[in-house]
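S.K.:
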Amino acid sequence: MNSNKNTSMKNILAAVCILCLFMVSGNLSAQDAHFSQFNTTPLQINPAQTGVFDGTFRLSNNYRTQWSGLGKGYSTIHVAADAPLGKGKLGTNFFGVGLLIYQDKAGSAGFSNTVIEASASYVAAMDNDANHYFAIGFQAGLNQMGLDLSKTTWDSQWNGDAFDPTLPSQDLVQLEQFTYLDFNGGVLYYYVPDGINSISLGASIAHIGSPNVSFYARQETPLRSKISVHGSSEISLTSENITWINPRFLVSLQGKQKEIIVGALVKNKIQIKSEYTKYKKEAFFSLGALYRVQDALILATRFDYYKFGLGISYDINTSGLRKLTGSASAWEFNLSFITPVLRGRKEQNFNKMPKFL
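Under numbering that gives the first Met the number 0, the letters of the sequence shown match residues 0 to 356, in that order.
1) Express the C-alpha separation of Thr39 and Leu146 in angstroms, rounding to a whole number.
2) Note the first and the last residue of the continuous alpha helix (DSSP H) segment covering Ile297.
3) Under 8 angstroms, with one C-beta from each stretch per pair, do the stretch 304 to 313 and the stretch 327 to 338 reach the 3-pair mark?
4) According to DSSP, what are the bridge partners of Val261?
5) Give me the Cα-Cα distance between Arg247 and Gly262, rounded to the nearest whole angstrom.
6) Would you kindly report the start and end of the unbroken alpha helix (DSSP H) that includes Gln143?
7) What's the gap between the Cα of Leu98 and the Cα of Gly185?
8) Go ahead and pull the three-state DSSP assignment for Phe182.
9) Measuring alpha carbon to alpha carbon, tell me which residue in Phe214, Gly310, Arg291, Ser285 is nearest Trp243.
10) I need the DSSP call for Arg40, collapsed to helix, strand or coil.
11) Ala82 by DSSP, collapsed to three states: which one?
12) At the level of alpha carbons, what is the spacing between Ala129 and Pro192?
13) Would you mind sorting Met144 into buried or exposed? The rule is 16 or more other CB atoms within 10 Å of its CB.
14) Locate the beta strand (DSSP E) running through Asp103, then write down its first and last residues.
15) Determine the extent of the beta strand (DSSP E) in which Asp193 is found, giving its start and end residues.
16) Return the CA-CA distance between Leu89 and Phe137, expressed in angstroms with no decimal places.
17) I'd like to check one pair, Arg301 with Phe253: are the Cβ atoms closer than 7 angstroms?
18) In the DSSP assignment, what are the bridge partners of Pro221?
19) Taking the continuous beta strand (DSSP E) assigned at Val114, which residues delimit it?
20) Could you give the residue range of the beta strand (DSSP E) that holds Glu331?
21) Given Thr49, which residues of its chain have a CB within under 7 angstroms of its CB, disregarding the five upstream and five downstream residues?
22) Please name the residue in Ala32, Thr237, Tyr189 whose C-alpha comes closest to that of Ala47.
23) As a quick exercise: from Ser328, Ser238, Ile207, pick the residue whose alpha carbon is nearest that of Gln65.
24) Once you ignore the five residues that flank Thr75 on each side, which residues in its own chain have a CB closer than 6 angstroms to its CB?
25) Buried or exposed: where does Tyr278 fall if 16 or more other Cβ atoms within 10 Å of its Cβ makes it buried?
26) How would you call Asn211, buried or exposed, if buried means at least 16 neighbouring beta carbons within 10 angstroms?
27) Measure the Cβ-Cβ separation of Gly287 and Val265 and say whether it is below 7 angstroms.
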């Protein structure tokens, strides 16, 4: 009996927490999804990064689950594909094209946010040696937000003894689902002197025009524009180019909300070869930590082999939310695929592209 009561109280507490976040933060829908492995979601961070990678085609898939201690918490699925176009045909310049799809789900009320965006960029060399590059990018897409009101109860449905879902809710929410256009833009600078070391700096603005995202028919709730500044680097620590350090940072400002992530991973090259054949491939193993200011310590690892990469991170919450629930951690997984440039084409394509993953 006590166990059932405790479970019931926990569910009520979770519902209250989710509802408070929904109301106080300017609608739960007015906050963007975020990823700890932001280097694996380049199109979501900055459309100028479209097509900027060492390869001919890139596919990246992310799954994140967080706040499992608060009811159903959050879960986010992210899929993006992009490719460079015109390499070797436009001098030292090229275009990038891509498609981004992700979906957020949160809470027992069935809140969902589905995003589909097309992304394009233009990348131009700034010097004759094609070491310095500048890119500009733009995104346009559709966002659909929704609630499943059949899973909710309201005070007007209390009949004195229990909640009666057959009673009219008399709630203010009048839209269970709506769709709006969204636009993003960004710029990127990167420097690759030798195809081994690299550095990049970028800035972007999301939700240009601040579209209305209110579930209330007579209320305006603008999705505030988000400004992001980000940077990353890959620096070889040995003359044999066996070990690299990959520092990175992300600063995002959206209304009163801010997100600051800073940290680094150490990457090591591993030779995978057969004693009986000529088979030999290089693999890379990365391990490190990042910190989301006033929120979480992020432990991250990654393994890259040939065309494939697997990244895993775990957020250890350090905010007051941990005290409320006992646990507010997050798991995040990334699976990526990059088609490499063939050796002959690589010589023709001149580009010493950065390896941000």
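The C-beta atom is built at its ideal place from N, Cα and C for all residues, glycine as well. Computed from a predicted structure; not experimentally measured.
M.R.: Let's see:
1) In the sequence shown, residue 146 corresponds to position 147, counting from 1. In the sequence shown, residue 39 corresponds to position 40, counting from 1. Rounded to the nearest angstrom, the two C-alpha atoms are 29 angstroms apart.
2) Here residue 297 corresponds to residue number 298 of the sequence shown, with the count starting at 1. It is not in any alpha helix (DSSP H) - Ile297 instead sits in the beta strand (DSSP E) that spans 295 to 304.
3) yes
4) Within the sequence shown, residue 261 is the residue found at index 262, counting from 1. Val261 pairs with Phe248, Tyr290.
5) Numbered from 1 along the sequence shown, position 248 holds the residue referred to as residue 247. Numbered from 1 along the sequence shown, position 263 holds the residue referred to as residue 262. Going by the C-alpha atoms only, they are around 6 angstroms apart.
6) Looking up residue 143 in the sequence shown gives position 144. Looking at the DSSP string, Gln143 is not in any alpha helix (DSSP H); the run it does join, the beta strand (DSSP E), is 131 to 145.
7) Residue 98 sits at position 99 when you count from the first residue of the sequence shown. Residue 185 sits at position 186 when you count from the first residue of the sequence shown. If you take the alpha carbons of Leu98 and Gly185, they lie about 16 angstroms apart.
8) In the sequence shown, residue 182 corresponds to position 183, counting from 1. In the three-state scheme derived from DSSP, where H, G and I count as helix and E and B as strand, Phe182 is classed as strand.
9) Here residue 243 corresponds to residue number 244 of the sequence shown, with the count starting at 1. When each option's Cα is compared against that of Trp243, the closest is Ser285.
10) Indexing the sequence shown from 1 puts residue 40 at position 41. In the sequence on display, residue 40 carries Thr and not Arg. If DSSP states are grouped into helix, strand and coil, Thr40 belongs with coil.
11) Stepping through the sequence shown from its first residue, residue 82 is reached at position 83. In the structure shown, Ala82 adopts extended strand secondary structure according to DSSP, grouped into three states.
12) Position 130 of the sequence shown, counted from the first residue, corresponds to residue 129. Position 193 of the sequence shown, counted from the first residue, corresponds to residue 192. Cα to Cα, Ala129 sits roughly 8 angstroms from Pro192.
13) As a first step, residue 144 is located in the sequence shown; it is residue number 145 there, counting from the start. When all chains shown are included, Met144 counts as buried.
14) Translated into positions along the sequence shown, residue 103 becomes position 104. For Asp103, the enclosing beta strand (DSSP E) covers residues 93 to 105.
15) If you number the sequence shown from 1, residue 193 lands on position 194. Going by DSSP, Asp193 is part of no beta strand (DSSP E) at all; its letter is neither H nor E.
16) Position 90 of the sequence shown holds residue 89. Position 138 of the sequence shown holds residue 137. Those two C-alpha atoms are separated by around 20 angstroms.
17) Indexing the sequence shown from 1 puts residue 253 at position 254. Indexing the sequence shown from 1 puts residue 301 at position 302. For the record, residue 253 in the displayed sequence is Gln; it is not Phe. It is not a contact, given that the beta carbons lie outside the stated cut-off.
18) To locate residue 221, count along the sequence shown from 1; it is residue 222. According to DSSP, Pro221 bridges with Asn211.
19) Reading the sequence shown from its first residue, position 115 is the one you call residue 114. Val114 -> beta strand (DSSP E) spans 110 to 124.
20) Position 332 of the sequence shown, counting from 1, holds the residue named residue 331. Here the beta strand (DSSP E) through Glu331 covers 329 to 338.
21) Walking along the sequence shown from the start, residue 49 turns up at place 50. If we look at Thr49 and ignore the five residues flanking it on each side, its Cβ neighbours are Leu42, Asp81, Gly95, Val96, Gly97, Ser118, Ala119, Ser120, Gly136.
22) Along the sequence shown, one-based indexing puts residue 47 at 48. It is Tyr189.
23) If you number the sequence shown from 1, residue 65 lands on position 66. Here the closest residue by C-alpha is Ser328.
24) Counting from 1 along the sequence shown, the entry for residue 75 is found at position 76. Closer than 6 angstroms at Cβ, skipping near neighbours: Ala32, Arg63, Asp103.
25) Residue 278 sits at position 279 when you count from the first residue of the sequence shown. It counts as exposed.
26) By one-based count along the sequence shown, residue 211 stands at place 212. Exposed, since its Cβ has fewer than 16 Cβ neighbours within 10 Å.
27) Start at 1 with the first residue of the sequence shown, and residue 287 comes out as number 288. Start at 1 with the first residue of the sequence shown, and residue 265 comes out as number 266. Yes, the Cβ-Cβ distance between Gly287 and Val265 is below 7 angstroms.
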